[in-house]
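Here the structure is laid out as structure tokens; the discussion comes afterwards.
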Amino acid sequence: MPLQVSLAQPSEALAISTLVSEELLHDRITRAAMRLPETQGMREMRARNVARLIRTDTSARFIKVSDSDTDRVLGYARWQVPLTFPPSPLRAHLDGWTPEKDAETAEQKAAAVAASVTSMKLWNYILDALKEKRDKYVDEQKCLVLGLLDVYPDVRGQGAARKLLEWGLQQADETGSSAYLETAVTLQPFFEKFGWVTVDEVAIDFDGFEDVSETGIQKWACMLRQPSM
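Residues 537 to 765 in the numbering used here are what the sequence shown lists, from first letter to last.
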């Protein structure tokens with residue numbers, strides 16, 4: 537199957553949101569903090585956020601991989617590129633787009649989070665823990681961050697995920713940049729094949745939160761890859 541990689545468009549935001557929503561069901565940490573399965577309204581809310589990021593975030597790159605014979609989209613990735621990279625070619629070059637169309641009040645954003653999250657205490661703990669690790673390992677001037685990588689279940693194992701990874705790793709190697717990600721510990725061996733090494737972990741002890749149904753400890757691995765010279 538011939539594969540091609542290109543930038544995802546704002547019109548694909550709902551497809552990205554739906555794919556992510558299905559995958560969230562398999563992550564204990566996210567499952568404990570969020571209302572799952574997500575309703576259609578929640579997916580649409582996430583889709584609006586994705587579309588806004590595609591239009592306005594100068595360093596976000598939503599990438600898609602497609603079957604070039606059929607044009608079917610097989611999966612998506614989100615790479616956050618260094619601030620030294622040129623802005624996304626999609627930014628401010630979209631028909632009919634204005635910044636005002638993407639504006640949201642603080643109250644709207646707070647309401648959106650409240651509608652999606654079951655435990656604000658756990659949610660804030662997760663965000664703080666991830667920020668602590670990224671502050672430690674990510675140089676925004678010289679590091680790419682893989683924030684999303686997922687392909688549809690029926691095409692897994694056929695090279696689609698590899699193509700999405702290779703897009704970002706090529707950018708990293710060409711610019712001498714590192715690459716960072718957080719992942720479930722079960723996926724560490726997959727990323728190790730591409731040169732990532734585990735440098736830290738985020739451990740969530742569910743027993744410390746009274747308002748969640750999960751118990752025990754769940755971990756994410758923090759992985760860093762140095763550029764190939």
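C-beta atoms are modelled at their ideal positions from N, C-alpha and C, and glycine is treated no differently.
What are the boundary residues of the alpha helix (DSSP H) that residue i is part of?
i    : result
K600 : Per DSSP, K600 belongs to no alpha helix (DSSP H); it is in the beta strand (DSSP E), 596-603.
A587 : 576-592
R608 : Premise fails: R608 is in no alpha helix (DSSP H) and is neither H nor E.
Q694 : First-last for Q694: undefined, no H or E at that position.
K669 : 656-673
Q724 : 724-728
T566 : 564-569
If you compare alpha carbons, which of the options is closest to residue i?
i    : options                : result
D709 : A587, V617, I565, I590 : V617
P546 : S652, A596, F726       : A596
A715 : F745, K600, G683       : G683
T719 : R564, A551, K600       : R564
V681 : K729, E746, S713, D690 : S713
F621 : M537, C679, G693, P689 : C679
R584 : G731, L550, K600       : L550
T566 : S764, Q762, D605, K755 : K755
S652 : R579, L543, D741, Q724 : R579
I753 : E746, F742, Q762, P763 : F742
L543 : G731, M581, D605, A587 : A587
S749 : P538, D690, M570       : M570
E548 : P538, Q540, L619, R582 : R582
R692 : L619, G731, V601, I740 : V601
D605 : G577, T575, Q540       : Q540
Q762 : F745, G731, T751, G744 : G731
Rounded to whole angstroms, what's the CA-CA distance from residue i to residue j? Just pull it up for me.
i    : j    : result
R591 : Q706 : 23 Å
Q677 : T654 : 35 Å
D747 : M656 : 9 Å
I599 : W615 : 8 Å
K729 : L723 : 11 Å
S764 : T575 : 43 Å
Y688 : L619 : 30 Å
G695 : T711 : 24 Å
Hey, residue i and residue j are a contact pair by Cβ (cut 8 Å); roughly how many whole angstroms apart?
i    : j    : result
L555 : D675 : No, L555 and D675 are not in contact; Cβ-Cβ is about 30 Å, not under 8 Å.
Y673 : L760 : 6 Å
L717 : F726 : 11 Å between Cβ atoms; not a contact.
A665 : V721 : Contact doesn't hold; Cβ gap of about 15 Å is too wide.
L658 : A568 : 6 Å
S806 : T594 : There is no way to answer for residue 806, as the model of the chain reaches only from 537 to 765.
D607 : P538 : Contact flag wrong, Cβ pair sits at about 11 Å.
Along the chain, where does the beta strand (DSSP E) containing residue i start, and where does it finish?
i    : result
Y716 : 714-720
Q754 : 753-761
T734 : 733-741
D686 : 679-687
V653 : Note, V653: premise wrong, no beta strand (DSSP E); not H, not E.
S542 : 539-543
- Stretch pair the stretch 608-618 + the stretch 698-713: three plus CB contacts closer than 8 Å: yes
- Item | Contact between the stretch 664-676 and the stretch 736-746 (3+ Cβ pairs under 8 Å) | yes
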